[in-house]
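The block underneath contains the structure these notes are about, expressed in structure tokens.
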Amino acid sequence: MTRSPRRLQALPLVFALAAGLVAFSLLLAISVGAVDVPLGEVWRLLFWPDDSNSSLIVHTLRLPRALVALLVGAALGVSGAMMQGVTRNPLTEPGILGVNAGAALALLLGVVFFPGLPAWATVLLAALGGVGAAALVYSITAAVGLTPVRLALAGIAVGAMLGAAASFLLIMFEERTRGAFINLSGSLAGRTWEHFWTILPWALPALLLAVALSQQVNLLALGEEVARSLGARVGLVRLAAVGLAVLLAGAAVSVAGPIGFLGLVVPHLARWLVGADYRRVIPLSALLGASLLSLADVAARLIDRPLETPVGILVVALGAPFFVYLARRVG
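Dropping the structure here:
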């Protein structure tokens, strides 16, 4: 993939700024809340904690929540990038394909029928739900002809159906699902170190594997025939890429609930900044997804302070118009 010399020269700056944005969003997410902690104080307490209330807020309440936000944002950003590269569909992302809704429904089924399920298994359960939803979407679309808009519409329909099933479970098993309703609301409120240690062992290796697979995703993005002529094992690469994308989405949903459209917007922003090479798009999607979700979480705390707006609502409000814009372009 060719690039202009100017864009190649700008790559280090783009990644440096993206990494700086992640660091700034982390500090800001720790600083802002019902009780603000000055940024300078946050920096000091991160490295030299003490017995003050501010130190307790930073290390017990804000830091785990901020780290979960970074991991969830990175996971959704990379998941969207992988799906768009493998399917060559600019409208693809976990929420639109119904993956998030399938993962959420699977988690609710686990809460209702397997209440003793260990935390680490919830990520696998969410991933299986996501796989089932994606398979249903593709089977519906394949029957009428696979186009980007049809795939998106089928995904939205399946997501709505699975969302209705989840609502049915919430109503029928209100007592059992009361805690799950909060966890699946598309919010980062109340996320603790337990949530961080639940997602970390799954998200971090999957993110690294996605970066390692990025060159193969480049080949798939050129089309199956071209990829095969260049020696790519198309079936195996597609299976690995989709598996990683669904695992990342499932890990995100298992700790933060379904957050739609982040996986749609972030890869497009990354491609606008560094071009179509997935060796750059995937790592940049991780950085941008992490920082954007963290900043959105900060904004969600400030909209109705001291109450909190679920960050999923804010992200959807910003991402839905972008989806409409893309659908008009590719439809």
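Per this note's numbering: the sequence shown = residues 1007 to 1337. Just so you know, even glycine gets a beta-carbon here, dropped at the ideal spot from N, CA and C.
{"Check": "Simplified DSSP assignment, three categories, for residue 1230", "Outcome": "helix"}
{"Check": "Cβ-Cβ distance between residue 1082 and residue 1272 below 9 Å", "Outcome": "yes"}
{"Check": "Run of the alpha helix (DSSP H) containing residue 1211, from where it starts to where it stops", "Outcome": "1199 to 1218"}
{"Check": "As assigned by DSSP and simplified to three states, the class of residue 1025", "Outcome": "helix"}
{"Check": "In chain order, each beta strand (DSSP E) run of at least 3 residues that lies wholly inside the segment 1228 to 1303", "Outcome": "none"}
{"Check": "Residue 1194 versus residue 1041: straight-line alpha-carbon distance, rounded", "Outcome": "17 Å"}
{"Check": "Residue 1059 classed as buried or exposed, judged by whether at least 16 other C-beta atoms fall within 10 angstroms", "Outcome": "exposed"}
{"Check": "Residue 1094 in three-state terms, based on DSSP", "Outcome": "coil"}
{"Check": "Exposure label - residue 1124; buried when at least 16 CB within 10 Å", "Outcome": "exposed"}
{"Check": "Beta-carbon proximity check, residue 1028 vs residue 1254, cutoff 9 Å", "Outcome": "no"}
{"Check": "Residue span of the alpha helix (DSSP H) that contains residue 1159, given as start and end", "Outcome": "1154 to 1178"}
{"Check": "Backbone CA spacing between residue 1099 and residue 1330 [nearest angstrom]", "Outcome": "14 Å"}
{"Check": "Contact between the segment 1241 to 1260 and the segment 1117 to 1135 (3+ Cβ pairs under 8 Å)", "Outcome": "yes"}
{"Check": "Straight-line Cα distance separating residue 1057 from residue 1101", "Outcome": "42 Å"}
{"Check": "Cβ-Cβ distance between residue 1068 and residue 1105 below 9 Å", "Outcome": "no"}
{"Check": "Element boundaries [alpha helix (DSSP H), containing residue 1147]", "Outcome": "1125 to 1150"}
{"Check": "Cβ of residue 1238 within 9 Å of any chain B Cβ", "Outcome": "Protein chains in the displayed structure number just one, and chain B is not present."}
{"Check": "Under 9 Å between C-beta atoms of residue 1297 and residue 1024", "Outcome": "yes"}
{"Check": "Where residue 1204 falls, given that 16 or more other Cβ within 10 Å makes a residue buried", "Outcome": "buried"}
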